Structures are given as structure tokens and as C-alpha cells.
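Top line first, the protein sequences correspond to chains D and C.
If you use this note's numbering, the first sequence corresponds to residues 1484 to 1769, in order.
If you use this note's numbering, the second sequence corresponds to residues 75 to 381, in order.
Structure first, then comments.
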Amino acid sequence: MPVTPFRWFITASGSYAMIRQPIPAWLFWSLAVSGIVVAIAIYAGMSVYQTRINPTQSVIPGLKGFAEGFDLITKPRGNDKNPKPSWLVTDSKVTFSRLFIGMGLGTIAAIVLGIAMGAYTGVEAFFSPIISFMAKIPPTGMLVIYMVAFGTNFKMFIALIGFGIFFTMVQSIYQSVKKDVASDHIDKAYTLGASEFEVVLEVIWKQILPRVIDNIRLHIGPALVFLIAAEMLFASEGFGYTIRQSQRFSNMNVVYIYLGILGTVGLLLDYGLMRFRRWLCPWFGE
Amino acid sequence: MAANPTALEIRDLSHWFGDFRVLNHINLRIAAGQIVALVGPSGCGKSTLLKAILGTQPPSEGSVLVDGQEILAPSRRVGIVFQHYSLFDFLTAEANVAFGPKLDETSVAFRTFQFPQWRKLRKQHMQEAREFLERVKLAEACGKYPTELSGGMRQRVAIAQALILKPKILLLDEPFGALDEATRERLQMMLLGFYQENLLATKEGRTPEYTIVIVTHELNEAIYVANRVIGLSRFHDDGDQGAMVVYDRPCPIFHPDDPKDLADFVEQREELRRAVFDPSYIKHHSKYVSFWQDLEAAEAAVGPIES
Ligand SMILES: Nc1ncnc2c1ncn2[C@@H]1O[C@H](COP(=O)(O)OP(=O)(O)OP(=O)(O)O)[C@@H](O)[C@H]1O
Ligand SMILES: [Mg+2]
């Protein structure tokens, strides 16, 4: 019987498609690349089809549309007398400073309270009911309160992201202090001459550090959700604002590019933090 | 024996958890250089007693004196090796061993604001840590993390970690419980080696370096590595009031090179099993508590012997 591609596929899938069976590296990477190629091909197909129906369509832009969109966002604004940076530069500055400062403050506060709650039963008793309750309120719903408290300015976005990740992060950090740090370890540290502060700094903190980093990684997604939603509603610059405006003016090419940038930045941050964790805490494993 | 100073003294120690009394008037004196096995039924309060000696869980009543000073909080005078969680996961073997000198000799402020001096001192600590790892025959494991070590290696690192601070007494809470037979035997040999060093020190008029209390479930191990076995149990005439010392007698100790013949242990093992582990054998609790008298009798017979 001749070996047709169909027959090859059946044989190959017979030996390779079993649950959890490893596959050869070449197959793994070809599949990974194919996934991306297929996604692009489907998009391109839809774009060509749409353009055939309506040659002036901008809903599913092609290469030319993307090139125009790219020009649009990188073109410096303003006039000679009063030059302004391009959309991309302004929006990146605004959005990422909101993101990083909000996440930074939220994380620092969560670490401090999380360790205090995990270490001291009194602090745990005082805070845990209110923290559990607050963690269940959708942060985007709280946006109105931050707006009343701070107005629609920088502080509001910081509060939204900071508090948005704070409550759930406190919960997982304090659980981690309670579960990952054995009492025997704490006793041992005392017998080795540690002060109470050294137990926190040299034992508890070191032990939970990889969990904290993984926690930050997990919270990048939600933080971006809160931020982009808030920018769409209340901002006058930033990624969320520009996406919303571009959609209004049917500049879908800009929308797609911006979404692509957000996805890429999220992915890079996640990957960077993972590498950072592996470098900083080699004992923690993968 | 009599020449060696008292390392640990427990006076009238009792402990309650709520209304439940675990320990009932424990009195004990352990001389420097003794290797003491502590045995008893599960849940009788061995770990509780160790925690009182350690100072992490002060007793409800009574006191613990190490080297003549009362233990009120954990300190470098008492070292411990736990069965699990004996090492800090986030430190390499040598950093684990150097952790004691770091915490004991320096403060956060010193390490932060006098960083250059700290780095110099750190190098000495690491050097010292490597020497202690060599003592437990683990020179090759220096840079490894606990997860990369076998169970036996981890326990040896933990022993080095405790020994580096030169504690007056070292507590081992079922240190070899999770190890396979061969590894266990190697570690027992190590303890016997420490005992030989103690004998040498006594002979030369120095205070022996290793005073050890080892909790074990294995009666053969108790008799093999220790020169004194203490049994803790509720099975005595005042048992409702918590565990007491119901057995305290010398036992033969071996040279690491001696053949280990389990037949030698049979008699004492049976005695222990009856006196400490048999619930139906209720008796006056002091019948087998005769370590110091036994020792005197032996010394009267053959002249001074080392404990
Ligand atoms: N923190 C605690 N709170 C209440 N009860 C406790 C506590 N710690 C121990 N106990 C009880 O005290 C008794 C003695 O416990 P301990 O751990 O000292 O026993 P043990 O002799 O070390 O046992 P094992 O051989 O199983 O390790 C047990 O009945 C135990 O349930
Ligand atoms: Mg125990």
C-alpha cells in the first residue's frame, strides 16, 4: 500500500497523540509555529474577503491598514510652536506609569500586611474578615468610589490598580506565610540567635519570596483589565482612551496594534518575572 | 564521670496543654559528654520536653538549667535537629551552616550599614561552615540546596548547622526516622565517633564537646548510640497526671569499629519494652530510675569510668 500523507498522519497520530506522551522537539516547534501561522492566515483570509465585499472597509485591515495605523500612532503631534510626542509615546508613558506605580504600591502594601497577618495571630484576627470581604467586591465597581475620593486623575488610577490587586494579594501572601513557613523553621532560627525582625527578614521573607513573585505575575492580567477599563471611561490619554477613541473613529488598525502591544508587554513582564524568580530563588525549582 | 560538669538540669518540670497534663514532675540531670537516648510511646511528650529544653515552649511549671543558667528563651546554648524541616530550603548547605554565626554574631543594622566588614566576616563564616561540613563528611555538598541532597545528607548538614554554634547540649528529635537502614547506620556511627571524642576530652581533662539527647522510636538504636537511656511514659502509678521518667539506666556504648551484635541488646530491650511501653505493667515509677546509682555501683566495683 502506498504511504499517502493521510496514512502517515494516522500512523503518526497513533504513536504521538497519546495523553501526556512526549513528542519529538521538531514536532513540538512545528506545531507551535503552525498555531501562529494558522491564526495569521485566518485573519488574512477574513481581511481579504471583507475587502472584496467592501473595498473601503477598515474593520479587518490588511498590511496597508496596519502600516497606516503604525504611522498614525508614531507620528509626532502638535505643531512647530508647540510640539507634542506621538500617541504611542504619550500613551505608553501614561499607561505604564499608572500600571507600575499602582502595582508597586499595591504589592508593597500587600507584602507588609500579608506577612504581619501570617506572623501575628492578633493582626490576622483584626484584618482577615474585612480583607476577605473586600477581596470579593469587583474592583471595577469600586472605581466610582475612587473617582469621588480622588477625582479622575492619576491618583484614581493608582488607587484602582493598587487596591484592585491588594486584597487578593494579601490573602495569598498571608496564606503562604502560614503554610510555607514551618514553625520548626522559626523555632530553629531563634535557637540560632535570630531576633524577631531577623525571623521576618531572613526566614519568612526568604521563604515566601518566590510565591510573592509568582503572585505579582498572576496579578498583571487583572491589573491591566482594571486599568484599560478605567481609561476607556475616564481618561484623556492612555492605551484605554486611545483604543476607545480609535474605535469611535473606525481606526480599527490602531485598536489592533494597541491590543497587540498590551499583549506583548504582558507576556514579556510575565516571562521576565519568571526568569527573575528562577535567578533569585534557584532552590524553588521551575 | 563525676569530673564532668552538669550540662543540663531539669527541676520539677510539668506541662499542661489546656487541662491535659502531658508532663508530670520531670527531674533530670545530664552531665557534659553524655549521649542520652530518650524513648517513650508516641504522644507521651518527648517533643514537648525537648521544646522546654530548647526554650521555644516554656514549661507550665518547673525550670530548665543549661550550664547552670535557666533557659527562658531559645539561645545558642541549646541546638536542635528536627526530623523534618531541619534545613532552610532557600540556603545552600554551607549557607545553612553559616546561618547560625550570621544570626548570632551580627545584626541587620551591621549587615546593612557596615557592609564591607560584613563581607569579610561572611567569608570567615563560610570557611568555618565548610570545616564543619567536613566534620560530618559532607565537603562535597557545600554549594547544594537541601532539595538537591538526600535525606541522610540533609540530616548531617543539620547536625553541622547546630554544632557550629557549639551548643552546651544538642537535641535530636527523631533525626533518623525517615532514613533508610544503611544511611541510618552511617549516621549512628557518626554519633559514636562524637562519643569517642568525648572520651578523649575527658581523659585529657577537658570538658567534652558533645552532649546529646536523641529521641528515637528504635530501641536498638537507643541502646547502640547512647550510653544512657531514659524512658518517658504515662504507664506508671501516677499516669493520669502525665508522663514521668520511668526508666533511666546506663547502657553499653560501642566503638564505631566494634561489630554491632543485636543479640547484646536483647535483655535491655526487653526491660525497656516492659518498663516504658507496656500499658499493663503499671508500677512504681522509680523502679528503673537508677542511672546515677548504677554508675556509682559500677565505679565502686572497677574504679572511675567515663559516662
Ligand atoms: N500545641 C499543642 N497543643 C495541644 N496539645 C498538644 C500540643 N503539642 C502536643 N500536644 C499533645 O501533647 C502530647 C505530647 O505530644 P508530643 O509531641 O510531645 O509527643 P511525642 O512524645 O513527641 O510523640 P511522638 O513520638 O509521636 O513524636 C500529645 O498527646 C499531643 O497531642
Ligand atoms: Mg515528637
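Ideal Cβ positions, reconstructed from N, Cα and C, are used throughout, including at glycine.
Source: prediction; values computed, not measured.
Under DSSP, C:Asp247 shares a beta bridge with C:Val289. Counting only the Cα atoms, C:Gln191 lies some 13 angstroms from C:Lys176.
Of the candidates C:Tyr269, C:Asn294, C:Val210, C:Tyr269 places its Cα closest to the Cα of C:Glu283. Here C:Val319 is bridged, per DSSP, to C:Leu306.
Near ligand 1, meaning a Cβ closer than 6 angstroms to any of its heavy atoms, lie the following residues in chain order: C:Phe91, C:Val96, C:Gly114, C:Ser116, C:Gly117, C:Cys118, C:Gly119, C:Lys120, C:Ser121, C:Thr122. Taking non-hydrogen atoms of ligand 2 into account, the C-beta of C:Asp247 is found less than 8 angstroms away from one of them. Taking all protein chains in view, the Cβ of D:Trp1509 is surrounded by fewer than 16 other Cβ atoms within 10 Å, so the residue is classified as exposed. Chain D has no Cβ within less than 9 angstroms of the Cβ of C:Ala213. When Cβ-Cβ separations below 9 angstroms define contact, C:Ser364 makes no contact with chain D. Under DSSP, C:Leu97 shares a beta bridge with C:His89, C:Ala317. It is roughly 25 angstroms from the alpha-carbon of C:Pro249 to the alpha-carbon of D:Lys1689. Secondary structure note for C:Glu135: its beta strand (DSSP E) is the uninterrupted segment 135–140. In chain order, Val182 make up the part of chain C whose C-beta sits under 8 angstroms from the C-beta of D:Phe1680. Inclusion of D:Val1595 and D:Ala1618 in the CB contact set at 9 angstroms is not warranted, their separation being larger than that value. Closer than 8 angstroms at the C-beta level to chain C, one finds these residues of the segment 1655–1680 of chain D: Ala1665, Asp1667, His1668, Asp1670, Lys1671, Ala1672, Tyr1673, Thr1674, Leu1675, Gly1676, Ala1677, Ser1678, Phe1680. Three or more Cβ pairs closer than 8 angstroms define a contact, and the segment 1591–1609 of chain D meets that threshold against the segment 1659–1670 of chain D. The Cβ-Cβ distance between D:Gly1645 and D:Gly1704 does not fall below 9 angstroms. For C:Glu259, the closest of C:Tyr362, C:His89, C:Phe328, C:Asp178 by C-alpha to C-alpha distance is C:Phe328. C:Leu112 is bridged by DSSP to C:Val289, C:Ile304. Annotation: the segment 333–379 of chain C contains the following complete segments of the alpha helix (DSSP H) (minimum length 4 residues), in chain order: 340–346, 365–376. For the C-beta of D:Glu1685, the chain C residues within less than 9 angstroms are, from N- to C-terminus, Phe162, Phe173, Lys176, Leu177, Val182. The beta carbon of D:Phe1767 sits closer than 9 angstroms to some beta carbon of chain C.
Residue-level contact by beta carbon holds for D:Leu1692 and chain C, with a gap shorter than 9 angstroms. With a 10 Å radius around the Cβ and a threshold of 16 neighbouring Cβ atoms, D:Lys1547 comes out exposed. About 7 angstroms separates the beta carbon of D:Phe1549 from that of D:Ile1740, a gap short enough to meet the 8 angstroms contact definition. Taking 8 angstroms as the upper bound for CB-CB distance, C:Asp178 and C:Leu87 are not in contact here, some 27 angstroms apart. Per DSSP, reduced to three states, the secondary structure at C:Glu214 is helical. Per DSSP, reduced to three states, the secondary structure at C:Gln188 is coil, with no helix or strand assignment. Look at C:Arg150: its C-beta is under 9 angstroms from a C-beta on chain D. When 9 angstroms is used as the limit between beta carbons, C:Tyr284 is near no residue of chain D, the shortest such separation being about 17 angstroms. In the DSSP assignment, C:Pro324 forms a beta bridge with C:Arg302. Residue pairing from DSSP places D:Pro1566 in a beta bridge opposite D:Gly1561. For C:Tyr219, the C-beta contacts it makes with chain D under 8 angstroms involve Pro1765, Trp1766, in order along the chain. Taken atom to atom, the span from the alpha-carbon of C:Ser116 to that of D:Met1586 is near 49 angstroms.
Judged by DSSP in its simplified three-state form, D:Ile1556 adopts helix. Short of 7 angstroms from the beta carbon of D:Phe1722, and not among the five residues preceding or following it, lie these beta carbons of its own chain, in chain order: Asp1574, Thr1578, Ile1711, Glu1714, Tyr1741, Leu1745.
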